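Heads up: the sequence shown runs through residues 199 to 506, numbered per the numbering used here. Where is the CB? At the ideal position from N, CA and C, for every residue including glycine. Source: prediction; values computed, not measured. Notes follow the structure.
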Amino acid sequence: MTGLLTGLAVVATVVAVGYLVGRTGVLGPSGQTVVSRLVFFVGTPALLLQTLAEADVHVLFSEQLVAASAGVLCSVLVWLVVAGRWLRLSREDLVVGGLAGSFVNAANIGLPIAAYVLGDVTAVLPAMLLQMVVLTPVALGILDVTRHSGGPGRAAAVRRALAPLVNPILLASVVGVVLSASGWRLPTAVAQPLDLLAGLAIPGALLAFGISLHGGSAAGWRSGEVLLATGIKAFLQPAATFAVARWVLRMDDPAVHAATVVAALPTAQNVFTYAVRYGVARDLARDTVLLTTVLFGPVIVLISVVLG
Numbered sequence: 199m200t201g202l203l204t205g206l207a208v209v210a211t212v213v214a215v216g217y218l219v220g221r222t223g224v225l226g227p228s229g230q231t232v233v234s235r236l237v238f239f240v241g242t243p244a245l246l247l248q249t250l251a252e253a254d255v256h257v258l259f260s261e262q263l264v265a266a267s268a269g270v271l272c273s274v275l276v277w278l279v280v281a282g283r284w285l286r287l288s289r290e291d292l293v294v295g296g297l298a299g300s301f302v303n304a305a306n307i308g309l310p311i312a313a314y315v316l317g318d319v320t321a322v323l324p325a326m327l328l329q330m331v332v333l334t335p336v337a338l339g340i341l342d343v344t345r346h347s348g349g350p351g352r353a354a355a356v357r358r359a360l361a362p363l364v365n366p367i368l369l370a371s372v373v374g375v376v377l378s379a380s381g382w383r384l385p386t387a388v389a390q391p392l393d394l395l396a397g398l399a400i401p402g403a404l405l406a407f408g409i410s411l412h413g414g415s416a417a418g419w420r421s422g423e424v425l426l427a428t429g430i431k432a433f434l435q436p437a438a439t440f441a442v443a444r445w446v447l448r449m450d451d452p453a454v455h456a457a458t459v460v461a462a463l464p465t466a467q468n469v470f471t472y473a474v475r476y477g478v479a480r481d482l483a484r485d486t487v488l489l490t491t492v493l494f495g496p497v498i499v500l501i502s503v504v505l506g
């Protein structure tokens with residue numbers, strides 16, 4: 199319980215500072231966009247490169263990865279079927295909503311929870327690597343291609359094909375995986391500046407999210423797409439992950455508990471950063487992050503009581 203309260207308190211404090219920044223207007227009317235772009239183009243690529251370069255890629259082939267992948271796949275498929283058929287959302291909104299319903303906050307909430315609730319920081323690593331290596335590049339690649347889909351001719355086709363290849367997050371993920379697989383370590387002259395830049399990612403995303411809360415409509419959370427994405431993220435993803443871990447993979451009790459807790463983590467602020475970067479579904483991302491974070495406390499307590 200101490201880890202849960204610590205993680206939520208850290209998030210709430212930085213978000214509150216962001217709200218005050220937005221309310222006082224010290225960054226001007228474009229403050230949220232500037233901070234979000236800084237996180238997207240500088241902080242997040244540095245964090246991805248640093249984390250992946252130092253990670254053990256063999257973790258990707260663990261049972262925890264299979265369970266996490268099953269939860270993500272189930273969440274995304276249900277979102278696409280329900281939102282695509284009945285809510286009639288655009289392709290860009292479907293992509294952002296899919297992330298909102300499956301992208302766990304593995305860093306600033308997940309790491310404290312893994313340390314203090316599960317007693318094992320590595321428990322969150324498979325989900326983190328899955329998001330860095332697969333979920334983020336695929337989603338942003340689709341957004342990049344969609345964004346450059348206008349116009350006929352060979353030039354437009356080339357732009358669509360090359361758009362994902364110049365995405366900083368995709369490039370950082372590829373370089374990080376290559377470094378991890380090769381076992382090569384970055385020299386100190388590169389690693390230390392990278393460490394400083396990586397420090398921008400998490401607090402920057404939280405600040406941008408807090409700034410967005412000022413002046414927003416309080417009724418947005420009642421929209422169908424927000425409630426759907428929230429329900430999928432808070433309840434369906436951990437339930438699907440538990441089912442696969444328990445009855446398909448037949449993992450032991452501590453491993454099942456760890457996989458379920460990680461799947462129940464709230465939506466990461468990265469999703470809001472991506473929505474701002476591409477100018478799509480900002481309210482959907484913001485409100486889903488907020489609602490899943492509020493629900494996380496009761497959900498994680500219920501999981502801990504039921505699974506021990």
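Quick check on the burial criterion: 16 or more other C-beta atoms within 10 angstroms. Buried or exposed for residue i?
i	result
E252	exposed
F440	buried
G295	buried
D318	exposed
G223	exposed
D291	buried
F238	buried
Q435	buried
Q159	Here the chain has residues from 199 to 506 only, and residue 159 is not among them.
G216	buried
L341	buried
F494	buried
L309	buried
T428	buried
T386	exposed
F259	exposed
Using 9 angstroms as the threshold, is the C-beta distance between residue i and residue j below it?
i	j	result
A304	V460	yes
L250	V331	yes
I367	P243	yes
R484	R235	no
L338	V270	no
V454	L505	yes
S519	D254	Since the first and last residues shown for the chain are 199 and 506, residue 519 lies out of range.
Y472	L297	yes
T491	V424	no
L278	L426	no
P335	S300	no
I324	Q262	Residue identity differs from the one stated: residue 324 is Pro in this sequence, not Ile. Yes, the pair counts as a contact, with Cβ atoms nearer than the cut-off.
S502	V264	no
V322	A312	yes
I293	V478	Before going further, note that residue 293 is Val rather than Ile in the sequence given. Contact flag set, yes.
Going by CA-CA distance only, name the one from the options that's closest to residue i.
i	options	result
A438	L405, L404, A462, L500	A462
V240	H455, I501, G397	G397
G220	C272, G408, T458, G299	G408
I430	V276, L405, A466, L404	V276
L245	L488, N468, P324, L426	N468
F433	E261, S273, A266, V375	S273
P496	P464, L482, D481	P464
R345	L500, S288, P452	S288
L333	L489, R448, A266, P385	A266
G422	D481, M449, R448, V232	D481
G402	A466, V280, A457	A466
S228	T211, H412, L394	H412
Once DSSP output is grouped into helix, strand and coil, what is the label at residue i?
i	result
V302	strand
Could you tell me which uninterrupted alpha helix (DSSP H) segments, each at least 4 residues in length, are contained entirely in the stretch 267-299, listed from first to last along the chain? 289-298, all fully within the stretch 267-299.
Could you name each continuous alpha helix (DSSP H) segment of 4 residues or more that falls completely within the stretch 373-444, going from the start of the chain to the end? Considered as a whole, the stretch 373-444 harbours 386-396, 399-411, 422-429, 435-441 as its complete alpha helix (DSSP H) runs of no fewer than 4 residues, in chain order.
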